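If you're matching them up, the sequences are chains A and B in order.
Read in order, the letters of the first sequence correspond to residues 155 to 268 in the working numbering.
Read in order, the letters of the second sequence correspond to residues 339 to 451 in the working numbering.
Ideal placement from N, C-alpha and C gives every residue a C-beta, glycine not left out.
These figures come from a predicted structure and were not determined experimentally.
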Amino acid sequence: AQSVTQPDIHITVSEGASLELRCNYSYGATPYLFWYVQSPGQGLQLLLKYFSGDTLVQGIKGFEAEFKRSQSSFNLRKPSVHWSDAAEYFCAVGAVETGNQFYFGTGTSLTVIP
Amino acid sequence: DVKVTQSSRYLVKRTGEKVFLECVQDMDHENMFWYRQDPGLGLRLIYFSYDVKMKEKGDIPEGYSVSREKKERFSLILESASTNQTSMYLCASSPSGDSYEQYFGPGTRLTVT
Numbered sequence: 155a156q157s158v159t160q161p162d163i164h165i166t167v168s169e170g171a172s173l174e175l176r177c178n179y180s181y182g183a184t185p186y187l188f189w190y191v192q193s194p195g196q197g198l199q200l201l202l203k204y205f206s207g208d209t210l211v212q213g214i215k216g217f218e219a220e221f222k223r224s225q226s227s228f229n230l231r232k233p234s235v236h237w238s239d240a241a242e243y244f245c246a247v248g249a250v251e252t253g254n255q256f257y258f259g260t261g262t263s264l265t266v267i268p
Numbered sequence: 339d340v341k342v343t344q345s346s347r348y349l350v351k352r353t354g355e356k357v358f359l360e361c362v363q364d365m366d367h368e369n370m371f372w373y374r375q376d377p378g379l380g381l382r383l384i385y386f387s388y389d390v391k392m393k394e395k396g397d398i399p400e401g402y403s404v405s406r407e408k409k410e411r412f413s414l415i416l417e418s419a420s421t422n423q424t425s426m427y428l429c430a431s432s433p434s435g436d437s438y439e440q441y442f443g444p445g446t447r448l449t450v451t
């Protein structure tokens with residue numbers, strides 16, 4: 155069965171520091187991978203996505219993620235965090251074989267301290 | 339921009355009531371989804387629909403039903419609300435084909451007392 159693991163429930167970083175949020179997936183076929191961000195009281199906004207091709211993908215708000223097939227990972231990174239990045243981050247995996255159904259991780263809550 | 343709207347941001351209902359959560363999208367998307375979001379559990383799929391009058395069960399359909407009479411509207415129905423259905427409910431839509439991401443509404447926080 156498909157699954158997505160976000161090992162870090164909560165992360166705290168200082169403003170201006172670099173950030174890496176981890177995501178591991180379990181899926182046999184070639185997955186489609188996504189990172190979403192959810193600000194308090196809001197819906198989910200797409201940060202970036204990977205379908206195929208270049209394994210390093212750029213997203214909005216200065217985020218990037220790298221697909222590593224050998225490690226079944228799709229970690230999200232940002233070189234310098236801003237206070238406005240404080241939010242909940244969700245990794246998701248989908249595939250044509252699953253009929254457009256996504257599987258979400260449990261999320262990582264990011265706190266940014268000044 | 340794609341817009342997904344949900345009928346209520348906050349809703350309080352009593353145990354045993356029938357509850358309707360409405361979702362409307364304005365981008366002619368074929369696929370629509372209902373999730374519930376609970377702390378520590380992430381998003382779990384309740385039902386989805388890939389066409390009008392079509393529906394598929396997700397991972398946690400028990401206690402819920404759905405209706406899709408028009409392409410732009412997807413309703414989630416709690417036939418008899420229970421306290422364990424207190425949650426954040428998120429609706430999403432996506433086009434068919436290669437453009438695959440889901441677009442989310444703002445969510446409805448439902449409290450069942």
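Checklist entry - What residue from A:Tyr-257, A:Tyr-204, A:Gly-195 has the CA that sits closest to Phe-221 of chain A's CA? => result In the first sequence, counting from the first residue as 1, residue 221 of chain A sits at position 67. Considering only alpha carbons, the answer is A:Tyr-204.
Next on the checklist: Per DSSP, what are the beta-bridge partners of Arg-406 of chain B in this structure?
Outcome noted: For the purposes of this step, residue 406 of chain B is taken as residue 68 along the second sequence, with counting starting at 1. Beta-bridge pairing links Arg-406 of chain B to no other residue.
Checklist entry - Can a CB atom of chain A be found closer than 8 Å to the CB of Tyr-427 of chain B? => result Stepping through the second sequence from its first residue, residue 427 of chain B is reached at position 89. No - not a single Cβ of chain A is within 8 Å of the one on Tyr-427 of chain B.
Checklist entry - With which residues is His-164 of chain A paired in a DSSP beta bridge? => result Position 10 of the first sequence, counted from the first residue, corresponds to residue 164 of chain A. Beta-bridge analysis with DSSP links His-164 of chain A to A:Ser-263.
Checklist entry - How should Gln-440 of chain B be labelled, buried or exposed, when 16 other C-beta atoms within 10 angstroms of its C-beta is the threshold for buried? => result Counted from its first residue, the second sequence places residue 440 of chain B at position 102. With 16 or more Cβ atoms within 10 Å of its Cβ, Gln-440 of chain B is classed as buried.
Checklist entry - If the cut is a Cβ gap below 8 Å, which residues of chain B does Thr-260 of chain A touch? => result One-based indexing of the first sequence puts residue 260 of chain A at position 106. Neighbours of Thr-260 of chain A on chain B, chain order: Gly-378, Leu-379, Gly-380.
Item to check | Beta-carbon gap between Gln-160 of chain A and Thr-262 of chain A smaller than 8 Å | outcome: Residue mapping note: residue 160 of chain A aligns to position 6 of the first sequence, counting from 1. Residue mapping note: residue 262 of chain A aligns to position 108 of the first sequence, counting from 1. Yes.
Item to check | DSSP bridge partner residues for Phe-448 of chain B (one or two, in chain order) | outcome: Counting from 1 along the second sequence, the entry for residue 448 of chain B is found at position 110. Checking the sequence shown, residue 448 of chain B turns out to be Leu, not Phe. According to DSSP, which records beta bridges pairwise, Leu-448 of chain B is partnered with B:Leu-349, B:Ser-425.
Checklist entry - Among the residues of its own chain, which have a CB less than 8 Å from the CB of Phe-442 of chain B, if the five just before and after it don't count? => result Here residue 442 of chain B corresponds to residue number 104 of the second sequence, with the count starting at 1. Scanning its chain for C-beta atoms nearer than 8 Å, with the 5 sequence neighbours on each side dropped, one finds around Phe-442 of chain B the residues Val-342, Leu-428, Cys-429, Ala-430, in chain order.
Checklist entry - What span of residues does the beta strand (DSSP E) with Lys-232 of chain A cover, start to end? => result One-based indexing of the first sequence puts residue 232 of chain A at position 78. 227 to 232 is the extent of the beta strand (DSSP E) around Lys-232 of chain A.
Next on the checklist: Rounded to whole angstroms, what is the Cα-Cα separation between Asn-422 of chain B and Glu-394 of chain B?
Outcome noted: Within the second sequence, residue 422 of chain B is the residue found at index 84, counting from 1. Within the second sequence, residue 394 of chain B is the residue found at index 56, counting from 1. Roughly 22 Å separates the two Cα atoms.
Checklist entry - Got a sec, what are the start and stop residues for the beta strand (DSSP E) Tyr-438 of chain B sits in? => result For the purposes of this step, residue 438 of chain B is identified with residue 100 of the second sequence, where counting begins at 1. Segment: none, Tyr-438 of chain B is in no beta strand (DSSP E) and carries neither H nor E.
Checklist entry - Are there three or more Cβ pairs, one per stretch, closer than 8 Å when the region 157 to 174 of chain A is compared with the region 235 to 248 of chain A? => result yes
Checklist entry - Quick one: Cα of Glu-169 of chain A to Cα of Met-426 of chain B, how far? => result In the first sequence, the residue the question calls residue 169 of chain A occupies position 15. In the second sequence, the residue the question calls residue 426 of chain B occupies position 88. Looking at the two C-alpha atoms, the distance is approximately 30 Å.
Checklist entry - Does DSSP classify Ser-224 of chain A as helix, strand or coil? => result Locating residue 224 of chain A in the first sequence gives position 70, where the first residue counts as 1. In the structure shown, Ser-224 of chain A sits in a helix (DSSP, three-state: H, G or I).
Next on the checklist: Between which residues of its own chain and Ser-234 of chain A is the CB-CB distance below 8 Å, once the five residues before and five after are set aside?
Outcome noted: The count along the first sequence starts at 1 and reaches residue 234 of chain A at position 80. Around Ser-234 of chain A: Gly-170, Ala-171, Ser-172, Gly-216.
Next on the checklist: Residues in the same chain with beta-carbon distance under 8 Å from Arg-352 of chain B, minus the five sequence neighbours each way, listed in chain order, please.
Outcome noted: For the purposes of this step, residue 352 of chain B is taken as the residue at position 14 of the second sequence. Here the set comprises Ala-419, Val-450, Thr-451.
Checklist entry - Per DSSP, what kind of secondary structure is Lys-341 of chain B in: helix, strand or coil? => result Translated into the one-based positions of the second sequence, residue 341 of chain B becomes position 3. Lys-341 of chain B falls in the coil class under three-state DSSP.
Next on the checklist: If we define contact as Cβ-Cβ less than 8 Å, is Leu-264 of chain A a contact residue for chain B?
Outcome noted: What you label residue 264 of chain A is simply residue 110 of the first sequence in a count that begins at 1. Taking Cβ atoms only, chain B never reaches closer than 8 Å to Leu-264 of chain A, which makes this a no.
Next on the checklist: Give me the chain B residues within the contact set of Gln-212 of chain A, using Cβ-Cβ distance strictly less than 7 Å, ordered along the chain.
Outcome noted: As a first step, residue 212 of chain A must be located in the first sequence, where it is residue number 58. Within 7 Å Cβ-Cβ: nothing; Gln-212 of chain A doesn't reach chain B, min ~15 Å.
Item to check | 8 Å Cβ cutoff, Asn-422 of chain B in contact with chain A | outcome: By 1-based counting over the second sequence, the position of residue 422 of chain B is 84. So, not an interface residue.
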